[in-house]
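First up is the structure itself, then whatever we jot down about it.
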Amino acid sequence: MTQSAALPGNLDLYLHVRVLIALILGLSVTRLVSGIAALVQHPGRYPIWPVHLGWVAWTLLNVVTFWWWEFRLSHIQHWTYGLYFFVCVYASMYYFLSVLLFPQDLDEYKGYEDYFLSRRRWFFGFAALTEALDVVDTWIKGEAHLRSLGLEYLVATSAFILLSVVATRTRNPKFHMLFALGAVAYEISFSIRHFGTLD
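Residue 134 in full-length UniProt numbering is what sits at position 134 of the sequence shown, and the numbering runs on without skipping anything.
So, in structure tokens, the structure goes:
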């Protein structure tokens, strides 16, 4: 796909596309922030699990990073329905993750640990798919952009997907804690090193 500075008409088209993306991401942020606020308002309603909070932090970081970096899509000269559909599906993954982290209620479960572990296959399945879609999204922004992230990006993404597969198969609390902490730490590190500016 040809990449160059966006012409005024292309920028207008991207701004049109960005409206729907903004709605989807806005719903994701709302769900996550509302869920966190509910934990603060009613701390004793359901037992809190640090691993669950770790994935809440990871998802929120990814949503914010996604919105920041998607501005580069304004440089795409030729928008197609397929590309538009892909970006919308990719953005929707974060809403699915947000809903999985904060369901309507937990009445059937003992707390967030019980709930999260019972739904881990769904959560980590969507998380792995989201990371795979991120590679496609990065490539869409241009091969030069993909190369600029280095081999580290592809290795880290592959490792995350592999660990997600393991996470779907185990309930080991130590593994889940280390995975959550590692994912959050790496997301922060990667964002600081690569997403400091849109130039």
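The C-beta atom is built at its ideal place from N, Cα and C for all residues, glycine as well.
If the criterion is Cβ atoms closer than 8 Å, does the pair residue i and residue j meet it?
i, j, result
"Ala91", "Ile21", "yes"
"Gly111", "Tyr153", "no"
"Asp134", "Thr157", "yes"
"Ser74", "Tyr14", "yes"
"Leu101", "Phe66", "no"
"Leu32", "Thr59", "yes"
"Ser28", "Ser98", "yes"
"Glu131", "Ile161", "yes"
"Val166", "Gly54", "no"
"Trp139", "Leu129", "no"
Let's test the definition: count the other Cβ atoms within 10 Å of the Cβ of residue i and tell me whether it reaches 16, buried, or not, exposed.
i, result
"Val17", "buried"
"Asn62", "buried"
"Phe85", "exposed"
"Gly44", "exposed"
"Ser4", "Here Ser4 scores only 42 on pLDDT, less than 50, and its place in the model is too uncertain to base an answer on."
"Asp137", "buried"
"Pro8", "Reliability of the predicted coordinates at Pro8 is poor, the pLDDT of 47 falling under 50, and the value obtained from them is presented with this limitation in mind. Label assigned to Pro8: exposed."
"Val51", "buried"
"Val56", "buried"
"Trp150", "Looking at the sequence itself, residue 150 is Gly, so the reference to Trp does not match. The residue in question, Gly150, is exposed, as its Cβ has fewer than 16 Cβ neighbours within 10 Å."
"Val19", "exposed"
"Glu108", "exposed"
Give the DSSP-derived three-state secondary structure of residue i in the structure shown.
i, result
"Ile76", "strand"
"Glu108", "coil"
"Thr170", "coil"
"Tyr46", "coil"
"Arg119", "coil"
"Ser98", "helix"
"Leu149", "coil"
"Gly54", "helix"
"Gly142", "coil"
"Pro8", "Because Pro8 carries a pLDDT of 47, less than 50, the predicted location of this residue cannot be relied on, and the following value inherits that uncertainty. Reduced to three states, the DSSP call for Pro8 is helix."
Strictly under 8 Å for the Cβ-Cβ distance: is residue i near chain C by that measure?
i, result
"His194", "Chain labels in this structure do not include chain C; a single protein chain is all it has."
Quick one: any contact between the segment 59 to 73 and the segment 86 to 105, if contact means 3 or more CB pairs under 8 Å?
Yes, since at least three Cβ pairs between the segment 59 to 73 and the segment 86 to 105 fall closer than 8 Å, the two stretches touch.
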